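Remarks on the structure that follows.
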Amino acid sequence: MDMITIQGGMQLNGEVATSGAKNAALPILFSALLAEGQHEFTNVPKLRDIYSTKELLESLNCEVKFENNTFKVNVKRPEKLQAHYDYVRKMRASILCLGPLLSKYHEAEVSLPGGCAIGTRPINIHLDSLKEMGAQIEVKAGYVHAKAPGGLKGARILFEVATVGGTENIMMAAVFAQGETVIENAAKEPEIVDMANYLIKMGAKIEGAGTSIIRVQGVNELKPATHDIIPDRIEAGTLLIAGAITGGDVTVTRCVPDHLEALILKLRESGFKIETSDSSIRVLPQSVWKGVDITTTPHPGFATDLQAQFMALMVEAEGTSVITESVFENRFMHVQELVRLNADITPKTRVAVVRGKKGGLLAAPVMATDLRASACLILAGLVAQGETKVKRIYHLDRGYENLELKLASLGAKVQRLKEE
Ligand code: UD1
């Protein structure tokens, strides 16, 4: 197992480019199942979750070539319309093959994803919405068995919460449904817009992606297409915070500043000077910054996937910051590890009070508990006095392409080693 060691105290400076968005690539790769034939995707990040997706697609009879960030997939009719537990347990997003398989082949069997470190993460909204579209759904022996004899039917669906994966699954399910499907209280994340753009390229009729009401008119056929995946806003935000926390001058290129408005606003409120262009964001050197409060909410609010990283920044701020996690019920696993690095944080169920102190972090061995928590600990390690060892770094490899190399290119002393 790998770990990452960071020698604290180096100021980061320079330019660094963002990779393609994991959370856009995953649903888009699954949406390829809707059209048999050759699809090609560029700017696909080399990540463990993408390799898990490749394996799952291969188990569904697809031929995949993944080289140099280009993912070519030849989709053929699956022999068995099943996403086995072996794949789903490695990656929750595997549930995203339910919508396309059921839509195209009127039948699918997908293993139930388990809970995960950040909460129970139910899929009730995915399943209830498919039922409203006429699917017969049975959950038994750890699998969702879904059938829609004669095909799915368009429906008016109101989501109880704006779920990202639910919006993607139902959009994919709706492309071949008879008539119109309307999703109300849809999630508005940029990754949903990217997936809708790909579906439209294939011939789907979709309006409103990126707003809370999405309308899909069913069509009879889709054709394969090519697509360049959008930049990863969470990676861009993480790199920006890396510059900020070290008091450096860092420009993150190949990103979309509009996707990071909430973070930019909070960085400015905290005292950082931020410059943006069409495709880059620069944080200017700042030696002292103040604690600010954040509440995570669905897009365009402050992203839950940047909460842990922002907390690391607040640990080094002057003053108190109240961090409220409103999206997931258990997303403060990084707090105990930050405390091991001498941070002063009181966590309650969904609220953490961070009493910031510049220069207070001291290196220690810590353990990554989930993907974004790993990034948070690496950011804290950049400023902790001494050498921080972040163990169980496999979580990081699910979602960040070469993060340690990117940080090293900016001047960080960071290394990947085998855990002793
Ligand atoms: C996606 C992202 C993840 C991000 C999250 C929220 C991917 C692959 N992952 O996850 O990185 O943190 O959005 O921005 O894109 N919920 C229900 N019932 C459901 C579905 C969801 O109650 O059927 C709840 C969840 O428990 C959670 C909230 O809705 O509290 C949001 O979850 P959701 O938007 O579905 O997250 P994911 O799509 O799993």
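Under the numbering used here, the sequence shown has 372 at position 380, and the numbering climbs by one with no breaks. We put the CB at the ideal spot given by N, CA and C, even for glycine. Just so you know, these numbers come straight off a predicted model, no measurement behind them.
Check whether residue i and residue j have beta carbons under 8 Å apart
| i | j | result |
| --- | --- | --- |
| E262 | C247 | Reading off the sequence shown, one finds Ser at residue 262, where the question assumed Glu. In this structure, C247 does not lie closer than 8 Å to S262 by Cβ. |
| V65 | L49 | yes |
| P249 | I286 | no |
| A304 | I(-2) | no |
| E183 | N61 | no |
| E32 | T218 | yes |
| G157 | A85 | yes |
| L26 | V167 | yes |
| A133 | L94 | no |
| G240 | P277 | yes |
| N177 | I87 | no |
| M163 | A188 | yes |
| A335 | L353 | yes |
| L4 | E393 | no |
| V8 | L259 | no |
| L144 | A169 | yes |
Simplified DSSP state of residue i, which is helix, strand or coil
| i | result |
| --- | --- |
| Q3 | coil |
| T45 | helix |
| V80 | helix |
| G229 | helix |
| P141 | coil |
| E32 | strand |
| G283 | coil |
| A201 | strand |
| P114 | coil |
| S251 | Looking at the sequence provided, one finds His at residue 251 rather than Ser. It is helical. |
| D224 | coil |
| A75 | strand |
| E267 | strand |
| M187 | helix |
| V156 | helix |
| I414 | There is no way to answer for residue 414, as the model of the chain reaches only from -7 to 412. |
| R274 | strand |
| G210 | coil |
| G126 | coil |
| K410 | strand |
Paired residues, beta bridge with residue i - DSSP
| i | result |
| --- | --- |
| Y135 | S103 and K132 |
| L354 | Q377 |
| E55 | N66 |
| D241 | N5 |
| E176 | L150 and I205 |
| S95 | None, per the DSSP bridge assignment. |
| K405 | Q(-1) |
| T288 | F294 and E317 |
| T218 | E32 |
CB-CB length for residue i against residue j, believed under 8 Å
| i | j | result |
| --- | --- | --- |
| G378 | A355 | 3 Å |
Contact test: residue i Cβ vs the ligand NAD heavy atom, cutoff 7 Å
| i | result |
| --- | --- |
| F63 | The ligand NAD is not part of the structure shown, which contains the ligand UD1 as its ligands. |
**Item:** 4 or more residues per run - each alpha helix (DSSP H) lying fully within the stretch 290 to 377
**Value:** 299 to 307, 325 to 332 and 363 to 375
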